[in-house]
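Colleague: Encoded as structure tokens, here's the structure I'll be asking about.
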Amino acid sequence: MSIDFKDHGKQPYVVNIEDATLQNENYRTTIWTGKKLQVTVMTIQPNDDIGLEVHHGIDQFIRIEEGDGLCVMGDSEDNLDFEQKVSDDDAVFVPADKWHNITNTGDKPLKLYTIYAGPDHLPGTVHPTHEDAKNDPNEH
């Protein structure tokens with residue numbers, strides 16, 4: 001099934017999230033943005049990461065569909081006292097205001113989707129590469 005990789009937000013939408021996650025080739029693609037929820041699919045290349053970040057007032061759910069990684073979290077960017085390996089079918093729950101990162105430790109792309117409660121990126125955000133995300137003036 002071909003996935004329409006656009007932001008379908010604020011409209012009813014049904015998608016096979018596993019297929020969307022596995023078919024996504026971009027670093028980040030926003031597929032739905034509502035008032036209080038946002039869903040993105042991500043592909044993290046080997047030896048790359050999501051990037052150490054914190055979402056103020058926003059809880060986050062991350063599901064690993066495919067690949068291997070290392071998740072770190074902590075109360076500050078220099079105090080990442082939580083560390084755990086992640087792989088296929090793992091779910092990561094990131095509390096609001098918690099610094100976190102996931103690094104791809106495998107030899108194939110790490111495929112995941114993430115749910116932000118509420119939205120963290122502008123509706124329709126697409127970043128083909130991690131470098132594009134870093135250079136986006138709308139990102140933190």
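Sequential numbering of the sequence shown, starting at 1, is according to UniProt numbering.
Virtual Cβ for every residue (Gly too), placed ideally from N, Cα, C.
Just so we're clear, the structure is a prediction, and the values are computed from it rather than from any experiment.
(1) How about D81 and T105: are their beta carbons less than 9 Å apart?
(2) Out of Q38, D19, D78, T29, which has the shortest C-alpha to C-alpha gap to H130?
(3) Please state the DSSP three-state secondary structure of Q84.
(4) Rounded to the nearest angstrom, what separates L52 and Y13 at their Cα positions?
(5) Candidates H8, D48, K111: which alpha carbon is nearest L122's?
(6) Using only the heavy atoms of the ligand ZN, determine whether one of them is closer than 8 Å to the beta carbon of Q84.
Modeller: To lay it out plainly:
(1) Here residue 81 refers to the residue found at position 81 of the sequence shown. Here residue 105 refers to the residue found at position 105 of the sequence shown. For D81 and T105, no; Cβs fall outside 9 Å.
(2) To locate residue 130, count along the sequence shown from 1; it is residue 130. Closest option to H130, Cα to Cα, is T29.
(3) Taking the sequence shown and counting its residues from 1, one reaches residue 84 at position 84. For Q84, the secondary structure class from DSSP, reduced to helix, strand or coil, is strand.
(4) By 1-based counting over the sequence shown, the position of residue 52 is 52. By 1-based counting over the sequence shown, the position of residue 13 is 13. Cα to Cα, the separation comes out at about 31 Å.
(5) For the purposes of this step, residue 122 is taken as residue 122 along the sequence shown, with counting starting at 1. If we check each option's Cα against that of L122, H8 comes out closest.
(6) The ligand ZN is not part of this structure, which contains no ligands at all.
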